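Protein chains in written order, with our numbering: chain V, 1 to 367; chain P, 1001 to 1082.
Just so it is clear, CB atoms sit at the ideal spot from N, CA and C, and this is done for glycine as well.
Please read these numbers as outputs of a predicted model, since none were measured by experiment.
This report concerns only the one structure given below.
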Amino acid sequence: YNHFPRHLKWKNNIVTFRIVNYTPDLRKSDVDRAIRTALNVWSDATPLRFKKLYYGTADIMISFGRKEHGDHNPFDGPNGLLAHAYPPGQGIGGDTHFDEDEHWSKDSSAYNLFIVAAHELGHALGMSHSTDSGALMYPIYSYATGYPLAEDDVKGIQALYGPNPDHKKIKPKPDAPQKCDPTLSFDAATELRGETIIFKDKFYWRLHPQMHEPELTLIKSTWPSIPNKVDAAYENPEKDQVIIFSGIRMWALNGYNLVEGYPKYIHKLGLPKSVRKLDAAVHIKDKGKTLLFHEEEYWSYDEASGTMDSGYPRSIENDFPGMDDEVDAAVYHYGFLYFFHDHTQYEYSYTSRKVIRVLRTNFILGC
Amino acid sequence: HSSLAGPLLGTEKDNRLLAEKYLRRFYGLPVGLQSQKRTAADFKSKLQEMQRFFKLEVTGNLDDNTLDVMTQARCGVPDMGE
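This is how it looks when you write it as C-alpha cells:
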C-alpha cells in the first residue's frame, strides 16, 4: 500500500459527504446505496464515521462530470480514466469525481459504481495506489464480488486511522500470491488458446510463449460466473472450451463466455458420487482422453464418446512412475505431462513412461 | 465490460505518444523544452518506474506488455508524486 506525501488524513473521525449530482445510468437509490456501501467498507475497518449532507459544503463532495468538469483535471471520454479523487484537505480535498462518459452499473455488465467508488473514497481518506494487484487500491479497474478490501488495504488505512474500536470482524481478501515464493503450489492449470493459465487462490497467471512476465489477474474480473476457487481445469481444443472444476460442479467456458447448460455436476462425467472434488485434470490431445485426478487415483474420460474408460480408477503412483501419489495441477505439451504437487513440478514423458525432470513448481513462472 | 481488452495499438509513433501522455499524467514525466538526450533519459526513467510499479519486466523499453497495461481502464490519480 501507499499513502499520499505527508500522510494526509482527516483530523476528525466524523467525515461529511454530499452527493452533488447523479448519473442517469442508475436509479438514484442505487447510486446512494453504492456510495453508502463503499463508505461502510472503510468505516468497518477504522474509527471513521460518515455523515451525509444534503446541501452546502461537505468534506467529500461526490459528483459525476465529463471531460473538463471544473478542476482542470479533465476526463477523457469512454474508458481510459474512470474517476479520480483528491486526498484529505480543505476545499477540493476529499472531493470525488466520476466520469459521466462511462456507463455505470451495479453488476459486471459495465463499470461497477460500488467498486470504483470504494477505490476513489480510499483516496479521499488518504490512500494512494497500491502495487498489489489484489488490492482495492490497485489503479487498474477489475470487477470482483465479495468483500472488496485486501489485507494490504486494511493495513494501509489502519496505519492512518487505527482499527475500528468496535472490533467489528472484517475478513480481508488475501494478498496476491507471490510467484517466486519457493513454497508456492498451484490450485489448477490449463491451456487456453495457446496460453497457459495457472490458478492460485482468487487469482490466475496467464503465460504466453512470447510474454516474458506472467500476468496476474483476479479470476472474477475475467470470468465473473465461475467461483473464486478452482480445483482443476483442462482445455478441450476440439470444442474450443475450457472446463473448470470447483467442488462437485463444473463449468464450460468458450473464451469469456459460459457455455449454455452449465454448471453441471462432475458426476455427469461418470465419476462416483463419493468424489466431492477433483484435484487436477488434463486433456491428452493425441489420444482424445482427459485424465481426472482425485487423491491417489485417476480416471480416463473419452471425449469423443463422452464416457469413462473401463478399468478405472487406477493408481497415480503405479501408472506414472517417479511421480508423487497426488497431483495439484497438470498440463500436457508435445508428449510431456507436467504434474504439479506442492512446490514440485514433474516433467513426465509419455513415450518413455517416466519422469525425466524434477523442478520447482514456480519454474514455469520464470522463477 | 467483461473484456478488459484495450484499443488496438497503432504505429510506433502513436505508441510513443500514448506512453508519454500516460507517464506525464501518472508518473510526472516533465513537460517542456529540454535537450533530446535529457528527454530520452527522463522517458526511460519514468517508464522503468511504471514497469516497477506494475511488476512488469523493468527494461525502460516500450514493449507490448507495458503498452497493454497503459491501455487498461483505470483511476485518474497519479501513481507517483503529489
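Under 8 angstroms between beta-carbons, which chain P residues line up against residue i? List them in chain order, please.
{"i": "residue 144(V)", "result": "Here the premise fails: no neighbours, minimum Cβ distance about 13 angstroms."}
{"i": "residue 3(V)", "result": "Ordered by position in chain P, no residue passes the 8 angstroms Cβ test against residue 3(V), which lies about 12 angstroms from the chain."}
Is residue i helix, strand or coil when you go by DSSP?
{"i": "residue 116(V)", "result": "helix"}
{"i": "residue 125(V)", "result": "helix"}
{"i": "residue 15(V)", "result": "strand"}
{"i": "residue 104(V)", "result": "strand"}
{"i": "residue 1001(P)", "result": "The predicted position of residue 1001(P) is uncertain, since its pLDDT is 34 and thus under 50; a value taken from the coordinates is nonetheless stated next. If DSSP states are grouped into helix, strand and coil, residue 1001(P) belongs with coil."}
{"i": "residue 358(V)", "result": "strand"}
{"i": "residue 346(V)", "result": "strand"}
{"i": "residue 60(V)", "result": "strand"}
{"i": "residue 351(V)", "result": "coil"}
{"i": "residue 365(V)", "result": "helix"}
{"i": "residue 1073(P)", "result": "coil"}
{"i": "residue 316(V)", "result": "helix"}
{"i": "residue 28(V)", "result": "helix"}
{"i": "residue 1007(P)", "result": "Annotation note: pLDDT 49 at residue 1007(P) (below 50); position unreliable, no value reported."}
{"i": "residue 135(V)", "result": "coil"}
{"i": "residue 51(V)", "result": "strand"}
{"i": "residue 151(V)", "result": "helix"}
{"i": "residue 160(V)", "result": "helix"}
{"i": "residue 1079(P)", "result": "coil"}
{"i": "residue 1067(P)", "result": "helix"}
{"i": "residue 269(V)", "result": "helix"}
Against residue i, what residues of chain V qualify as contacts under a CB-to-CB distance less than 7 angstroms, listed in chain order?
{"i": "residue 1060(P)", "result": "Within 7 angstroms Cβ-Cβ: nothing; residue 1060(P) doesn't reach chain V, min ~14 angstroms."}
{"i": "residue 1056(P)", "result": "213"}
From the DSSP output, read off the bridge partner residues of residue i.
{"i": "residue 250(V)", "result": "245(V) and 264(V)"}
{"i": "residue 289(V)", "result": "284(V) and 302(V)"}
{"i": "residue 211(V)", "result": "According to DSSP, which records beta bridges pairwise, residue 211(V) is partnered with nothing at all."}
{"i": "residue 65(V)", "result": "99(V)"}
{"i": "residue 308(V)", "result": "301(V)"}
{"i": "residue 333(V)", "result": "336(V)"}
{"i": "residue 199(V)", "result": "188(V) and 204(V)"}
{"i": "residue 7(V)", "result": "DSSP lists no partner for residue 7(V)."}
{"i": "residue 217(V)", "result": "204(V)"}
{"i": "residue 38(V)", "result": "Its beta-bridge partners do not exist; DSSP assigns none."}
{"i": "residue 140(V)", "result": "1074(P)"}
{"i": "residue 258(V)", "result": "253(V)"}
{"i": "residue 235(V)", "result": "242(V)"}
{"i": "residue 81(V)", "result": "1074(P)"}
{"i": "residue 341(V)", "result": "344(V)"}
Under 7 angstroms Cβ-Cβ, which residues of chain P neighbour residue i?
{"i": "residue 139(V)", "result": "1074, 1075 and 1079"}
Could you tell me which chain V residues have their CB closer than 9 angstroms to the CB of residue i, listed as they occur along the chain?
{"i": "residue 1065(P)", "result": "211, 212, 213 and 215"}
At 9 angstroms on the CB atoms, spell out the chain P contacts of residue i, in chain order.
{"i": "residue 7(V)", "result": "Those within 9 angstroms of residue 7(V) in chain P number zero; the least Cβ separation is about 13 angstroms."}
{"i": "residue 131(V)", "result": "1052, 1053, 1054, 1055 and 1079"}
Contact list for the stretch 67-98 of chain V against chain P, Cβ threshold 8 angstroms: 73, 75, 79, 80, 81, 82, 83, 84 and 85
Alpha helix (DSSP H) runs contained entirely in the stretch 1011-1064 of chain P, provided each spans 4 or more residues: 1012-1027 and 1036-1053
Residues of the stretch 202-219 of chain V with Cβ closer than 7 angstroms to any Cβ of chain P, in chain order: 211, 212 and 213
Chain V contacts from the stretch 1021-1045 of chain P (Cβ-Cβ distance under 7 angstroms): none
Residues in the stretch 108-125 of chain V having any Cβ partner in chain P nearer than 9 angstroms: 108, 109, 110, 111, 112, 116, 119, 120 and 123
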